[in-house]
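Taking it in order: structure first as structure tokens, then the write-up.
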Amino acid sequence: MAENSLKKGQYTRFSNKIGLYSANQENVGFIKNNSNVVINFPFKDAVLVGGMSREDVKTTEKFLHQEVDSKDIDTLFEPKVLTNPEYYSATNETEFEFFDENGELKENLLIKGNNLLALYSLREKLANKVKLLYLDPPYLNAPKTFM
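Just so we're aligned, residue 899 is where the sequence shown starts under this note's numbering, counting upward by one.
The structure is reproduced here in structure tokens:
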């Protein structure tokens, strides 16, 4: 992990409580009268890395923070297990294989989650086979922060 301002052995800057806090210290009062209210919770400043590459293997949980070492960035690009697949059709068919015996994709995929992690998990299997990719960009960001 990169050196950061966290104390040794502490994984988050936030207390072990969930609550609403005023982001503006000058405007103290009822929450309904304050427009700068944020929700704080433990590990809000961290990203949990899904370190599993297979479902049958146990892993220890790893957290990454806003200040990330380059070797930890590489772990983000490792393939992850995609869980809870669901198939939606007009016939309400419940059992379905997304890939055939040759590894070819049989149906379109809709992935809910982190776009970067999902793309890196599927890139080997779907390399040179994807015709169209829709990404839902994050909206309502602060000005000039869209990456």
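Note that beta-carbon positions come from the ideal geometry of N, C-alpha and C, so glycine has one too.
Beta-carbon proximity list for residue i, same chain, < 6 Å, skipping 5 on both sides
i	result
Leu851	Any question about residue 851 goes unanswered here, given that the chain covers just 899 to 1045.
Close beta carbons around residue i, own chain, < 8 Å, minus the five adjacent residues each side
i	result
Glu995	Lys1004
Glu1002	Lys1027
Beta-carbon proximity list for residue i, same chain, < 7 Å, skipping 5 on both sides
i	result
Asp998	Lys1004
Gly917	Asn938
Leu1031	none
Candidates the options, of which the one nearest residue i by Cα
i	options	result
Asn982	Lys915, Leu1008, Tyr1032	Leu1008
Asn1013	Leu980, Asn938, Lys915, Ile937	Leu980
Asn1006	Asn914, Asn938, Glu984	Glu984
Leu1033	Arg1021, Gly1011, Ile937	Gly1011
Burial state of residue i (16 or more Cβ within 10 Å)
i	result
Ser987	exposed
Lys905	Residue placement at Lys905 is flagged as unreliable, the pLDDT there being 49, under the threshold of 50; the coordinate-derived value follows with that caveat. Exposed, because fewer than 16 other Cβ atoms sit within 10 Å of the Cβ of Lys905.
Chain B within 8 Å of residue i, Cβ atoms only
i	result
Leu1020	Looking at the structure shown, chain B is missing, and only one protein chain is on hand.
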